Amino acid sequence: MSTTERPRILVVGGGYVGLYAARRILKKMRYAEATVTVVDPRSYMTYQPFLPEAAAGSISPRHVVVPLRRVVRGAEVLTGRVTTIDQDRKVATIAPLVGEAYELPFDYLVIAMGAVSRTFPIPGLAEQGIGMKGIEEAIGLRNHVLEQLDKADSTTDEEVRRKALTFVFVGGGFAGAETIGEVEDLARDAAKYYQNVSREDMRFVLVDAADKILPEVGPKLGQYGKEHLESRGIEIYLETSMDSCVDGHVVLKNGLEVDSNTIVWTAGVKPNPALSRFGLPLGPRGHVDCNEKLQINGLDYAWAAGDNAQVPDMVGRRAGNPNAWCPPNAQHALRQAKVLGDNVVAGMRGFPQKEYSHANKGAVAGLGLHKGVAMIVMGKVKIKLKGRLAWYMHRGYHGMAMPTWNRKIRVFADWT
Numbered sequence: 186m187s188t189t190e191r192p193r194i195l196v197v198g199g200g201y202v203g204l205y206a207a208r209r210i211l212k213k214m215r216y217a218e219a220t221v222t223v224v225d226p227r228s229y230m231t232y233q234p235f236l237p238e239a240a241a242g243s244i245s246p247r248h249v250v251v252p253l254r255r256v257v258r259g260a261e262v263l264t265g266r267v268t269t270i271d272q273d274r275k276v277a278t279i280a281p282l283v284g285e286a287y288e289l290p291f292d293y294l295v296i297a298m299g300a301v302s303r304t305f306p307i308p309g310l311a312e313q314g315i316g317m318k319g320i321e322e323a324i325g326l327r328n329h330v331l332e333q334l335d336k337a338d339s340t341t342d343e344e345v346r347r348k349a350l351t352f353v354f355v356g357g358g359f360a361g362a363e364t365i366g367e368v369e370d371l372a373r374d375a376a377k378y379y380q381n382v383s384r385e386d387m388r389f390v391l392v393d394a395a396d397k398i399l400p401e402v403g404p405k406l407g408q409y410g411k412e413h414l415e416s417r418g419i420e421i422y423l424e425t426s427m428d429s430c431v432d433g434h435v436v437l438k439n440g441l442e443v444d445s446n447t448i449v450w451t452a453g454v455k456p457n458p459a460l461s462r463f464g465l466p467l468g469p470r471g472h473v474d475c476n477e478k479l480q481i482n483g484l485d486y487a488w489a490a491g492d493n494a495q496v497p498d499m500v501g502r503r504a505g506n507p508n509a510w511c512p513p514n515a516q517h518a519l520r521q522a523k524v525l526g527d528n529v530v531a532g533m534r535g536f537p538q539k540e541y542s543h544a545n546k547g548a549v550a551g552l553g554l555h556k557g558v559a560m561i562v563m564g565k566v567k568i569k570l571k572g573r574l575a576w577y578m579h580r581g582y583h584g585m586a587m588p589t590w591n592r593k594i595r596v597f598a599d600w601t
């Protein structure tokens with residue numbers, strides 16, 4: 186472990202915000218001004234907006250991840266978990282991959298743990314559900330779908346075939362709609378190479394408790410996305426939820442029952458529950474409570490951003506909404522991370538810190554190869570795109586958001 190008299194900046198989490206914040210701090214600091222320590226259970230960052238493409242194989246899974254030690258050179262990267270934080274002593278307890286837990290003192294703190302899948306006590310979900318928060322799950326989903334085609338191709342038992350070729354997705358936001366679109370593409374293309382499996386044999390079901398899908402792109406584009414998916418034979422059931430899925434027998438609140446070996450759960454996220462052990466002020470939904478400078482309220486040495494933070498939306502508040510908060514998306518995460526990095530260095534030096542303020546620039550979503558929706562916001566003008574052009578916007582935006590030119594080039598090469 187590093188031992189130094191320099192102040193230590195502890196970054197808890199090596200995801201999108203943690204990686205970019207650490208890079209920004211290292212860039213802004215003077216040589217040997219402080220030690221930057223990044224702690225994460227994984228030694229790499231996963232760019233989650235590309236998980237649906239990784240599951241479908243249109244992007245190589247290794248191009249969706251970025252090794253932390255390669256990107257945050259100059260930082261100390263510890264592979265392990267922060268289990269508790271004593272704010273009075275400014276000491277974090279680290280549980281490494283191997284060995285005993287130990288204490289690590291710090292002077293400044295960055296909380297960037299992100300979010301985890303939000304689940305409910307639905308019978309069968311823990312045993313049957315497949316998540317989509319990590320690259321391992323994306324690879325596992327791809328392998329699982331192809332295995333179901335293998336099973337169906339190798340038997341004449343109609344019940345076995347029907348269960349293998351029925352795919353249920355719960356959650357109609359970005360993750361659910363994009364994943365079902367990509368997986369349907371994957372299964373349809375793969376079926377061409379099977380003698381006893383065709384697209385007509387398959388059943389895709391998307392379930393959401395809301396009254397529309399893709400709410401992030403607005404009602405008109407969301408409706409277009411719904412109609413597009415339905416035109417590909419995907420069944421969409423709104424304003425209903427899954428009551429149980431024991432042994433793959435899916436029961437919806439609207440009375441529909443289907444049997445499936447594939448139940449993909451993308452019904453939202455929640456802040457990492459470990460935050461409750463860090464002695465931090467939390468909002469009503471478990472987010473770290475921050476001010477407009479991304480500083481944790483009541484702690485002048487600590488900052489937070491991204492999915493685990495409750496950050497005031499200053500654009501919305503100036504427009505007259507006193508309860509406006511920044512939505513948890515990649516657009517805000519990247520910009521918050523950079524402002525956070527600047528503010529950590531400013532705070533360490535005793536300088537004034539910047540307010541985080543960012544107007545929404547829109548949203549993009551891919552629905553499979555050459556298919557997508559996009560809403561681009563330019564001031565008071567909203568440009569709505571769909572189809573191939575929207576897909577190019579989706580791929581281009583997220584491709585450029587990937588850390589390092591090495592990964593950007595590899596991702597774009599996967600699409601050519």
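Under this note's numbering, the first residue of the sequence shown is numbered 186, with each subsequent residue one higher. Glycine included, every Cβ here is placed at the ideal spot set by N, Cα and C. Since we're looking at a predicted model, the values are computed, not measured.
Residues that S302 bridges to, as DSSP identifies them = Taking the sequence shown and counting its residues from 1, the one referred to as residue 302 is at position 117. DSSP lists V454 as partners of S302.
Please go through the same chain and pick out, in chain order, the residues whose beta-carbon is closer than 7 Å to the beta-carbon of G407, but skip the five residues on each side of it.
-> Taking the first residue of the sequence shown as position 1, residue 407 is located at position 222. The answer, listed in chain order, is K397, I398, L399, P400.
Could you tell me if Q380 is buried or exposed, where buried requires 16 or more neighbouring beta carbons within 10 angstroms of its beta carbon?
-> Residue 380 sits at position 195 when you count from the first residue of the sequence shown. Answer is exposed; the Cβ neighbour count stays below 16.
Output the boundary residues of the alpha helix (DSSP H) element that contains I594.
-> Residue 594 sits at position 409 when you count from the first residue of the sequence shown. Per DSSP, I594 belongs to the alpha helix (DSSP H) from 590 to 600.
How is M186 classed by DSSP in three states: helix, strand or coil?
-> As a working mapping, residue 186 is identified with position 1 in the sequence shown. Residue placement at M186 cannot be trusted, given a pLDDT of 44 that sits under 50; the coordinates are not used to answer.
Backbone CA spacing between L437 and C430 [nearest angstrom] = Here residue 437 corresponds to residue number 252 of the sequence shown, with the count starting at 1. Here residue 430 corresponds to residue number 245 of the sequence shown, with the count starting at 1. Straight-line Cα distance between these residues: approximately 9 Å.
Select from A362, I421, V473, A240 the residue whose C-alpha is nearest the C-alpha of W510.
-> The residue labelled residue 510 in the question sits at position 325 within the sequence shown. Of the candidates A362, I421, V473, A240, the one whose C-alpha sits nearest the C-alpha of W510 is V473.
Pick helix, strand or coil for V197, following the three-state DSSP scheme.
-> As a first step, residue 197 must be located in the sequence shown, where it is residue number 12. The answer is strand: DSSP assigns V197 an E or B state.
Buried or exposed: W590, going by 16 or more other Cβ atoms within 10 Å of its Cβ?
-> By 1-based counting over the sequence shown, the position of residue 590 is 405. So W590 ends up on the exposed side.
Exposed or buried, which one is V197 when buried takes at least 16 other CB atoms within 10 Å?
-> Translated into the one-based positions of the sequence shown, residue 197 becomes position 12. Classification of V197: buried, given that the 10 Å Cβ count is 16 or more.
Between which two residues does the alpha helix (DSSP H) containing W510 stretch?
-> Along the sequence shown, read from residue 1 onward, the residue named residue 510 stands at position 325. First-last for W510: undefined, no H or E at that position.
A337 by DSSP, collapsed to three states: which one?
-> The sequence position of residue 337 within the sequence shown is 152, counting from 1. Helix, per DSSP.
Run the CB neighbour count on F352, radius 10 Å, all protein chains shown included, and call it buried at 16 or more, exposed below.
-> One-based indexing of the sequence shown puts residue 352 at position 167. It is buried - the Cβ of F352 has at least 16 other Cβ atoms within 10 Å.
Entirely within the stretch 522 to 592 and at least 4 residues each: give me those alpha helix (DSSP H) ranges in chain order.
-> 573 to 586
Ends of the alpha helix (DSSP H) at D374?
-> The sequence position of residue 374 within the sequence shown is 189, counting from 1. 359 to 376 is the span of the alpha helix (DSSP H), which, as asked, contains D374.
Count the other CB atoms within 10 Å of the CB of I594; is the residue buried (16 or more) or exposed (fewer)?
-> Position 409 of the sequence shown, counted from the first residue, corresponds to residue 594. Exposed is the call here.
Tell me the start and end of each unbroken beta strand (DSSP E) in the stretch 209 to 237 that is at least 3 residues and wholly inside, in chain order.
-> 220 to 225, 229 to 231
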